[in-house]
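Encoded as structure tokens, the structure appears first; notes follow it.
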Amino acid sequence: DKIEVSGDQSKARLRVHLSNLQLWHKDRHIGGATGPDLILESTASDLRMIGRFQDADLRFHLSPMTIPDLTLMNEYLPPGLETAFQSGHITAVADFSRTRSRQLSGQIELNGEGLGARIKFKDYLVDLRLDGRFESDPSNPERFNISGSSVVFTNVVAPKLSATAQADWHAR
145 DKIEVSGDQS
155 KARLRVHLSN
165 LQLWHKDRHI
175 GGATGPDLIL
185 ESTASDLRMI
195 GRFQDADLRF
205 HLSPMTIPDL
215 TLMNEYLPPG
225 LETAFQSGHI
235 TAVADFSRTR
245 SRQLSGQIEL
255 NGEGLGARIK
265 FKDYLVDLRL
275 DGRFESDPSN
285 PERFNISGSS
295 VVFTNVVAPK
305 LSATAQADWH
315 AR
């Protein structure tokens with residue numbers, strides 16, 4: 145998209161932005177699925193193609209994507225799990241980046257409403273908010289810091305759970 149020159153060093157920046165994408169599952173369009181916008185950015189100072197992005201900063205951004213029927217995810221569950229999604233929709237936002245020094249960081253937000261599941265022949269219902277954040281350790285890229293991440297469950301309906309209102313459960 146453009147080449148910037150500052151002093152003796154050139155930089156190339158490539159930005160691909162796809163919007164109003166349609167979601168498909170196998171050969172059928174997922175009706176009611178909204179979004180997403182997808183952005184991929186790369187900034188490199190070495191303009192030769194030999195390095196294959198080794199000196200590039202990379203960023204991937206997914207803006208709100210809604211999956212209106214969570215039952216589509218059942219085929220991705222491990223066989224023999226005795227679990228199946230029965231209802232609900234989920235919205236996802238994601239932002240991931242990798243610096244040329246191989247440092248990874250990112251965030252994913254999931255919001256689900258009316259998430260119904262059958263687990264070992266018992267029905268459960270919950271609303272979910274997950275805010276996952278991560279950053280790789282510069283000294284050990286296989287280790288990640290996830291501080292600042294949280295998961296909140298609300299409107300929980302479960303077997304043998306009291307029907308009286310209770311405080312929401314959350315972890316931080």
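Heads up, my numbering is the position in the sequence shown plus 144, with the first residue counted as 1. Cβ atoms here follow ideal geometry from the backbone N, Cα and C, with glycine treated the same way.
Going by beta carbon distance, what residues of the same chain come within less than 6 Å of Arg273, once the five residues before and after it are set aside?
The residue labelled residue 273 in the question sits at position 129 within the sequence shown. These residues qualify, in order along the chain: Asn255 and Val296.
Could you tell me whether the Cβ atoms of Arg262 and Gln230 are closer together than 8 Å?
Position 118 of the sequence shown, counting from 1, holds the residue named residue 262. Position 86 of the sequence shown, counting from 1, holds the residue named residue 230. Contact: yes.
Take the Cβ of Leu259 as the centre, count every other Cβ of all protein chains shown within 10 Å, and call the residue buried at 16 or more, exposed below.
Residue mapping note: residue 259 aligns to position 115 of the sequence shown, counting from 1. With 16 or more other Cβ atoms within 10 Å, it is buried.
Own chain residues within Cβ distance below 8 Å of Ser291, not counting five before or after
Along the sequence shown, one-based indexing puts residue 291 at 147. Around Ser291: Arg277.
Applying the criterion that 16 or more other CB atoms from any shown protein chain within 10 Å of the CB defines a buried residue, is Leu225 buried or exposed?
As a first step, residue 225 is located in the sequence shown; it is residue number 81 there, counting from the start. By the 10 Å Cβ count, Leu225 comes out exposed.
My parser needs the beta strand (DSSP E) runs of 3 or more residues fully inside the stretch 154 to 186; what are they?
none
I'd like the list of long-range same chain contacts for Val301, defined as Cβ closer than 6 Å, with 5 residues on each side in sequence excluded.
Looking up residue 301 in the sequence shown gives position 157. Result list for Val301: Leu269, in chain order.
Closest by CA to Asp267, which one among Pro222, Asp201, Ala228 and Ser249?
Walking along the sequence shown from the start, residue 267 turns up at place 123. Measuring from the Cα of Asp267, the nearest candidate turns out to be Ala228.
Under a three-way DSSP split, which group does Thr215 fall into?
Along the sequence shown, read from residue 1 onward, the residue named residue 215 stands at position 71. Thr215: helix per DSSP, three-state reduction.
Alpha-carbon spacing of Leu202 relative to Lys264, whole angstroms:
What you label residue 202 is simply residue 58 of the sequence shown in a count that begins at 1. What you label residue 264 is simply residue 120 of the sequence shown in a count that begins at 1. Going from the Cα of Leu202 to the Cα of Lys264 covers about 42 Å.
Rounded to a whole number of angstroms, what is the C-alpha to C-alpha distance between Glu167 and Pro282?
Residue numbering aside, residue 167 sits at position 23 when the sequence shown is read from its first letter. Residue numbering aside, residue 282 sits at position 138 when the sequence shown is read from its first letter. In the sequence on display, residue 167 carries Leu and not Glu. Taking the straight line joining both Cα atoms gives about 36 Å.
Inter-residue Cα distance where the pair is Thr235 and Arg287
What you label residue 235 is simply residue 91 of the sequence shown in a count that begins at 1. What you label residue 287 is simply residue 143 of the sequence shown in a count that begins at 1. Each residue's alpha carbon lies about 28 Å from the other.
Since Pro285 is in the beta strand (DSSP E), which residue starts that stretch and which ends it?
By one-based count along the sequence shown, residue 285 stands at place 141. Segment Asn284 to Asn289, the beta strand (DSSP E) holding Pro285.
What residue range is occupied by the uninterrupted beta strand (DSSP E) comprising Phe265?
Within the sequence shown, residue 265 is the residue found at index 121, counting from 1. Unbroken run through Phe265: none, as it is neither H nor E.
Between Ser163 and Lys304, what straight-line distance do the alpha-carbon atoms span, to the nearest angstrom?
Here residue 163 corresponds to residue number 19 of the sequence shown, with the count starting at 1. Here residue 304 corresponds to residue number 160 of the sequence shown, with the count starting at 1. In a straight line, the C-alpha of Ser163 is about 45 Å away from that of Lys304.
Rank Glu219, Glu253 and Arg242 by C-alpha distance to the C-alpha of Ser293 and give the top, closest one.
Numbered from its first residue, the sequence shown carries residue 293 at position 149. Per the Cα distances, Glu253.
On the criterion of 16 or more Cβ atoms from any shown chain inside 10 Å, does Gly232 qualify as buried, or is it exposed?
Numbered from 1 along the sequence shown, position 88 holds the residue referred to as residue 232. With 16 or more other Cβ atoms within 10 Å, it is buried.
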